[in-house]
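Heads up, the thing below is written out as structure tokens.
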Amino acid sequence: MNKSFSFVFKLSFTIILLSQVLVAQEHKELVQDVKTLVDKPLNFVEKVKENYLVLKTLKNDSQNCVDYILERIKKIDNLTSNSFFPRTDNDKQILKEQGIETLNRLFQIRGLIRDKQKELAVDNKLNYQCLQSIKTATRYIRFMEEMLIEWLVDQNVIVPSESGILQAKSPQLMSNFEKGDSSSGILRKIGDIKDMLHSGDILMIRGQSYMSAMIARIGDAEMQFSHLAIVGLDENNEKVIVEALIPYGSKISSLNDWLTQKDPRVVLLRFEDKEVALKAGREAFKIATEFIQSHNKNIPYDFNMNAQDQSQMFCSELIENSFLKASEFKTHLPQYKTLVTKFKSTPFLKSMGISMDTLFSPGDIEFDSRFQLVADYRFLESSMNRSKTTLLRKIRMQDAIIQSLYNWMIQENYQLQPNLIVNMKVYLAKALRMLGFYEDKFPKHMPMESLSTIMYFEEISKFFEEKLFIYEQDFYQKNGHSLHFQEMLNFLNSIKYSECLDKDSQLNQLFKNRNCLG
Numbered sequence: 075m076n077k078s079f080s081f082v083f084k085l086s087f088t089i090i091l092l093s094q095v096l097v098a099q100e101h102k103e104l105v106q107d108v109k110t111l112v113d114k115p116l117n118f119v120e121k122v123k124e125n126y127l128v129l130k131t132l133k134n135d136s137q138n139c140v141d142y143i144l145e146r147i148k149k150i151d152n153l154t155s156n157s158f159f160p161r162t163d164n165d166k167q168i169l170k171e172q173g174i175e176t177l178n179r180l181f182q183i184r185g186l187i188r189d190k191q192k193e194l195a196v197d198n199k200l201n202y203q204c205l206q207s208i209k210t211a212t213r214y215i216r217f218m219e220e221m222l223i224e225w226l227v228d229q230n231v232i233v234p235s236e237s238g239i240l241q242a243k244s245p246q247l248m249s250n251f252e253k254g255d256s257s258s259g260i261l262r263k264i265g266d267i268k269d270m271l272h273s274g275d276i277l278m279i280r281g282q283s284y285m286s287a288m289i290a291r292i293g294d295a296e297m298q299f300s301h302l303a304i305v306g307l308d309e310n311n312e313k314v315i316v317e318a319l320i321p322y323g324s325k326i327s328s329l330n331d332w333l334t335q336k337d338p339r340v341v342l343l344r345f346e347d348k349e350v351a352l353k354a355g356r357e358a359f360k361i362a363t364e365f366i367q368s369h370n371k372n373i374p375y376d377f378n379m380n381a382q383d384q385s386q387m388f389c390s391e392l393i394e395n396s397f398l399k400a401s402e403f404k405t406h407l408p409q410y411k412t413l414v415t416k417f418k419s420t421p422f423l424k425s426m427g428i429s430m431d432t433l434f435s436p437g438d439i440e441f442d443s444r445f446q447l448v449a450d451y452r453f454l455e456s457s458m459n460r461s462k463t464t465l466l467r468k469i470r471m472q473d474a475i476i477q478s479l480y481n482w483m484i485q486e487n488y489q490l491q492p493n494l495i496v497n498m499k500v501y502l503a504k505a506l507r508m509l510g511f512y513e514d515k516f517p518k519h520m521p522m523e524s525l526s527t528i529m530y531f532e533e534i535s536k537f538f539e540e541k542l543f544i545y546e547q548d549f550y551q552k553n554g555h556s557l558h559f560q561e562m563l564n565f566l567n568s569i570k571y572s573e574c575l576d577k578d579s580q581l582n583q584l585f586k587n588r589n590c591l592g
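First residue of the sequence shown? That's 75 in the working numbering, and the numbers climb one at a time after it.
Structure, rendered in structure tokens:
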């Protein structure tokens, strides 16, 4: 009996030691995810000028497209955010003087990239890798623009407008207005914007929620937008906004109401065929109103994102159908749909009710060369609000959190853990919605599994948010600028690692892989 007990004890002890070695090895791999960044002073103004000139003369082929972009992305990812900002009073003064010019040049670089994409497509040289690189480059450039524009606001170089969508001047509103267009000039008032908007114009938007971040980052190439709306024409030829929203389904809003919203990012895009665009605006209004007339309700929101099912619609599907009908089914949007193959080894898409491996993601429209980028707007808060986390910084941190969760699910087999408290919240929310509450949150027909997945993601995201927002705010107060994306990912990885080792961790009760304790 003693020998048997001794053998069992030794065997158990050996297994425990072996499991600790395996866990340690797994944790060693997790630590390697935290990238070491180089703190190297960089003349940001000159680097932007240099890249602008190189890009203008760069031979336009698909391999150059990939190599040129990836080389620069790698350099950016390896540097700290401090590397991009001035360290001396003299450098600070130079950036204050040349900051707006640098912002405009970054915007021009994005325009050059769009032009080169179009040329490659015309020459039949635009391959998948090149397009993915272009999407990545656009995301990085927009991120740098936002970090710089926030710094210039804090330095009182830029005085932001908080009036509402598109109601601002450069560089808060960057534009590519055509010469002689009635929409050219500085836009300040709603009346100016009403004149500027054309029927069929597309508004590409980034919302403020974690659901918005989940939509924006769902594709194999992560993007920065979560919603589309279209400028419609009603029966009196008045311009309206037509869209499909999660809580309401199809919705028609007056321009006055819609333009007072404070969305972090809004991009205005215009289709090249003015006649088709004009008709698309009419069709959008017609699609929404005819459904109401025949069913006595709005078109329900399509959580499955199935464009074949016309009984429900998501935001991009409404836009797609409007252009199809306006062109007698000749104009298909977008040119390039988003692939969502990265989740194939996880149950995530199934839990969201999505069965397709290609989607019309809202951000796809930015890379459709048939559309002109007319204006690029950001909601900015005054420098007096520096003590709080601004809206742009908030959504960038949301993006970092959601991208981290996605990466850990895909690369490290992290999974949602059944949790009694969260499950109770899900069932309670669904029950209250069926009783008529939460009308502005989600619809009654929202699938239970989709609601559950989103609420779990929100719980997990808020866990990381509490830590990242405090860390970022302290960093901002100390350094005068925000973290860049890789620094956020590093911080989140370090939190994930420490939580994985803690058997009493709150995170492990919601989200972990098989090697985490608890």
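Even for Gly, the Cβ is constructed at its ideal location relative to N, Cα and C. Note that the structure is predicted; figures quoted are calculated from it, not measured.
Asked, Found
"C-beta atoms of Asp442 and Arg291 nearer than 8 Å", "no"
"Arg344 - containing alpha helix (DSSP H), residue span", "Counting along the chain, Arg344 falls outside any alpha helix (DSSP H), though it belongs to the beta strand (DSSP E) covering Arg339 to Phe345."
"Test item: CB-CB of Leu194 and Ser136 under 8 Å", "yes"
"Under 8 Å between C-beta atoms of Leu566 and Leu542", "yes"
"Contacting residues, own chain, Cβ-Cβ under 6 Å from Glu220 (five flanking each side not counted)", "Leu466"
"Supposed close pair Phe516, Ile366 - CB separation, criterion 8 Å", "With 8 Å as the limit, Phe516 and Ile366 do not qualify as a contact, their Cβ atoms being about 20 Å apart."
"Helix, strand or coil at Gln489 [DSSP, three-state]", "strand"
"Anticipated Cβ contact below 8 Å, Leu584 with Tyr530, distance rounded", "7 Å"
"CB contact flag (Ile267, Gln241, <8 Å)", "yes"
"Cβ distance (whole Å) where Tyr142 is taken to contact Leu132 below 8 Å", "6 Å"
"Cα-Cα separation, Glu561 to Lys399", "46 Å"
"Alpha-carbon to alpha-carbon, Val414 and Thr527", "17 Å"
"Cβ-based neighbour list, Lys499, same chain, cut-off 7 Å, excluding 5 preceding and 5 following", "Met529"
"Start-to-end residues for the beta strand (DSSP E) that takes in Ile279", "Ile276 to Arg280"
"Burial state of Ile90 (16 or more Cβ within 10 Å)", "Its pLDDT being 35, under 50, Ile90 is placed unreliably by the model, and nothing is read from it."
"CB contact flag (Ser396, Ala358, <8 Å)", "yes"
"Where the alpha helix (DSSP H) containing Gln203 begins and where it ends", "Tyr202 to Asp228"
"Beta-carbon proximity list for Leu144, same chain, < 7 Å, skipping 5 on both sides", "Ser207"
"Cβ-based neighbour list, Leu506, same chain, cut-off 7 Å, excluding 5 preceding and 5 following", "Tyr512"
"Test item: CB-CB of Glu540 and Pro234 under 8 Å", "no"
"Whole-angstrom distance between Gln384 and Gln446, CA atom to CA atom", "28 Å"
"According to DSSP, residues forming a beta bridge with Lys313", "Leu307"
"C-alpha gap between Pro408 and Arg280, whole angstroms", "18 Å"
"Proximity below 8 Å, CB of Glu226 to CB of Ser324", "Sequence check: residue 226 is Leu here, not Glu. For Leu226 and Ser324, no; Cβs fall outside 8 Å."
"CA-to-CA distance, Leu502 to Leu509, given in whole angstroms", "11 Å"
"Every unbroken beta strand (DSSP E) inside the region 403 to 462 [3 residues or more]", "445 to 452"
"Nearest residue (CA-CA) to Lys149, options Ala211, Arg444 and Asn201", "Ala211"
"Distance between Ile373 and Met520 (C-alpha atoms, nearest Å)", "13 Å"
"Stretch pair the region 340 to 350 + the region 267 to 277: three plus CB contacts closer than 8 Å", "yes"
"Identity of the residues DSSP links to Leu153 by a beta bridge", "Val112"
"Residue closest to Phe417, alpha-carbon to alpha-carbon, out of Asn380, Met483 and Ile361", "Met483"
"Three-state class that DSSP yields for His301 in the structure shown", "strand"
"DSSP-derived helix/strand/coil call for Ile232", "coil"
"Beta-ladder partner(s) of Gly323, from DSSP", "Leu319"
"Nearest candidate by alpha-carbon position, reference Arg179, set Glu364, Lys552, Asn250 and Asn493", "Asn250"
"Boundaries of the beta strand (DSSP E) in which Leu247 is found, first to last residue", "Leu247 to Ser249"
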